[in-house]
Amino acid sequence: MGEERSDRRSGDRALHFVSSSSKGSLGGQRSDQLQLSDLSKLTKSLIAVTDLEEVKQRVRQLWKDGKLEKSQAAKLIRRWRSWQWQNKQKQKRETLINSLSERLDSTEEQSLDDVKQLINEYVIIGKITYKDGAFLIKKWRKRESRRIKRQLERGNTSCCFFCRQTGHKFSECPEKDGEIMGSGICFKCGSTEHTSSHCQRKNIRGFPYAMCFVCRQQGHLSRDCDKNANGIYPDGGSCNLCGSQKHLKKNCSLRKDTDDNNQRESIAVARSNVTSGDDDFLYIESNTVSNEAKRKKLERKVVHI
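So for the sequence shown, UniProt numbering puts the first residue at 1; every next one is plus one.
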């Protein structure tokens, strides 16, 4: 009987030891899980830091405070380094992709086969992935379709200077027959060696050798023709300042007058800031005086030795 009681007591002690050890192991696993979660939080907080020495200093301080072990501190630094390396590689790849995209956009005469060949070279080298190559080809196709669409729309809305109809240009006009009078010559002197913009004769008024596309008469341009209702605006429109159809806004006389008035007002304001309150008169210099002063500044001094 005594032996049976002793066996039971020893068995109860063994069960108590096993249960306590199992509880301890579970508690250790929970504490390890909490530490891993804290470790991931610390890693996320260190991601914003770009300096390695600062990261080491922070991790060393946590280790001194007893919040980290040596293995955990080393693990944090390794994670930070791997993230920094991945971030640099990502930035390099994005920069390369943007440069390739700009290069493909700048060359309009390339075909789809040329684009694929260029991208495959970068993929084989390993500078970009297959996914990046597919993205570049897809982007190029969209840009090319938009460019062709714009060209078609521009061709449909463009106005021919010969027949004044939309849908084609002067070079593609079906109504012009062979050589047209006034084409390929200087509108001022009639020479075939240069155009009117490079003509050396300055004493000629108008364009006596030009042929008007509206009335088919020689001696003036279509913008100066009395039968032209649109003037220099074949699609309609006029100067925003005076409403004339004979010139652009940049060549309008009203704009020149307003620019001169604004310049005089700015000079007057500058003078008023310089003068005192006792001055009774305020003199405004003309544009000729300011131009002469600028000329004097631009003239080079000749030094005789």
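Using N, Cα and C, we set each Cβ at its ideal position, and we do this for glycine too.
Check	Outcome
Burial state of residue 126, where buried means 16 or more other Cβ atoms lie within 10 Å	exposed
Exposure of residue 160, with buried meaning 16 or more beta-carbon neighbours within 10 Å	buried
Cut-off 7 angstroms between Cβ atoms - residues of its own chain near residue 197, not counting five sequence neighbours on either side	none
7 angstroms Cβ shell around residue 97 - same chain, five flanking residues per side excluded	128, 132 and 136
Residue 95 - partner residues in DSSP beta bridges	Answer by DSSP bridge pairing: none, since residue 95 is not bridged.
C-beta contact flag for residue 238 and residue 245 at 8 angstroms	yes
Residue 119, buried or exposed, once every other Cβ within 10 Å from all chains shown has been counted against 16	buried
Residue 221 vs residue 212 beta-carbon contact at 8 angstroms	yes
Sequence-distant residues of its chain with Cβ nearer than 7 angstroms to residue 227 (five each side left out)	214 and 215
Inter-residue spacing [alpha-carbon to alpha-carbon] between residue 25 and residue 140	Below a pLDDT of 50, predicted positions are generally treated as unreliable, and residue 25, at 40, falls in that range; the measurement from the model is reported next regardless. Each residue's alpha carbon lies about 60 angstroms from the other.
Residue span of the alpha helix (DSSP H) that contains residue 114, given as start and end	112-125
Inter-stretch contact (C-beta, 8 angstroms, three-pair minimum) for the stretch 41-51 and the stretch 78-98	yes
Close beta carbons around residue 70, own chain, < 6 angstroms, minus the five adjacent residues each side	none
Residues that DSSP places opposite residue 218 in a beta bridge	211
Residue 63 beta carbon less than 8 angstroms from that of residue 73	yes
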